[in-house]
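Peer 1:
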Amino acid sequence: MNESARALLAHAAHPDAPDSVLFARLIGARVESGDLLLLGLDAAALSRLIGRHFPGAKIDRPPGAMLWSAHWPFVRDLRGLLMWHDRTATRHRQDALCLAAIISAASLRPDHLWRDLGLARRDDVTDMLGRHYPDLIARNVANLRWKKFLAQEVAHARGEAPTCAPGCPGCEDYAFCYPDNR
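Residue numbers for the sequence shown follow the numbering used here, so the first one is 3 and each next one is one higher.
See the structure below:
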């Protein structure tokens, strides 16, 4: 856990709550890299999220709005898919919306989902997805990488042939995940 995440947790109302730790890590990673915009939350949503989990914590430079992308329909559909499957959404709807937005925005970036989220390893993503979307991840019987699996689930929900997430073509393992697309 980086310094920014620890600073957020120092303000946490419930520092041991899994989602407080998760949001501290997700936000802290973007603070450390100086790219809060890539979190996928506007300044108001980020401020509310911090207020719910880390009262009194401040972010020096809140993000603006993400730039338009031709991939917004994918992001919107992934966010909707995640919300549909989030088992915590009835109790913590605003947190569920924030997490779905963060994961969806990460799908635009060209690396493994765990790196795009600023997490330490793939298992961190597995734990997060298992806590929020257990029915969805149970369908990953082929043990696909998470970004690839989520992209396939979006395509399936749309009634389309499986395709990669928008960020996948820039990943170092693109040829491994999509050998037919070389």
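Don't be surprised by glycine CBs; every beta carbon is placed ideally from N, CA and C. If you're wondering where the values come from, they're calculated on a predicted model, not measured in any experiment.
Note down the Cα distance separating Ser106 from Val127, rounded to an integer number of angstroms.
Peer 2: Sequence index remark: in the sequence shown, residue 106 carries index 104 (1-based). Sequence index remark: in the sequence shown, residue 127 carries index 125 (1-based). So the two alpha carbons sit approximately 13 Å from each other.
Peer 1: Can you grab the Cα-Cα spacing for the pair Lys149 / Ala98, in whole Å?
Peer 2: Locating residue 149 in the sequence shown gives position 147, counting from the first residue. Locating residue 98 in the sequence shown gives position 96, counting from the first residue. A straight-line Cα-Cα distance of about 18 Å links Lys149 and Ala98.
Peer 1: If the criterion is Cβ atoms closer than 7 Å, does the pair Asp113 and Cys179 meet it?
Peer 2: Stepping through the sequence shown from its first residue, residue 113 is reached at position 111. Stepping through the sequence shown from its first residue, residue 179 is reached at position 177. Cβ distance not < 7 Å, so Asp113 and Cys179 don't count as in contact.
Peer 1: Please list, in chain order, all residues of the same chain as Asn142 whose beta carbon is under 6 Å from its beta carbon, the five residues on each side excluded.
Peer 2: To locate residue 142, count along the sequence shown from 1; it is residue 140. Answer for Asn142: Phe151, listed in chain order.
Peer 1: Kindly indicate which three-state DSSP category Asn142 falls into: helix, strand or coil?
Peer 2: For the purposes of this step, residue 142 is taken as the residue at position 140 of the sequence shown. Coil at Asn142, not helix or strand.
Peer 1: Have a look at Ala12, Ala140 and Leu48 and flag the residue whose alpha-carbon is nearest the alpha-carbon of Ile61.
Peer 2: The sequence position of residue 61 within the sequence shown is 59, counting from 1. Answer by Cα proximity: Leu48.
Peer 1: With 16 as the cutoff for other CB atoms within 10 Å, does Met130 come out buried or exposed?
Peer 2: For the purposes of this step, residue 130 is taken as the residue at position 128 of the sequence shown. With 16 or more other Cβ atoms within 10 Å, it is buried.
Peer 1: By Cβ distance, which residues of its chain are closer than 6 Å to Ala102, with the 5 residues on each side in sequence left out?
Peer 2: Along the sequence shown, one-based indexing puts residue 102 at 100. Once the five neighbours on either side are set aside, the close Cβ partners of Ala102 are Arg81, Leu84 and Met85.
Peer 1: Taking the C-alpha atoms as reference points, what is the distance between Cys2 and Ala72?
Peer 2: Since the first and last residues shown for the chain are 3 and 184, residue 2 lies out of range.
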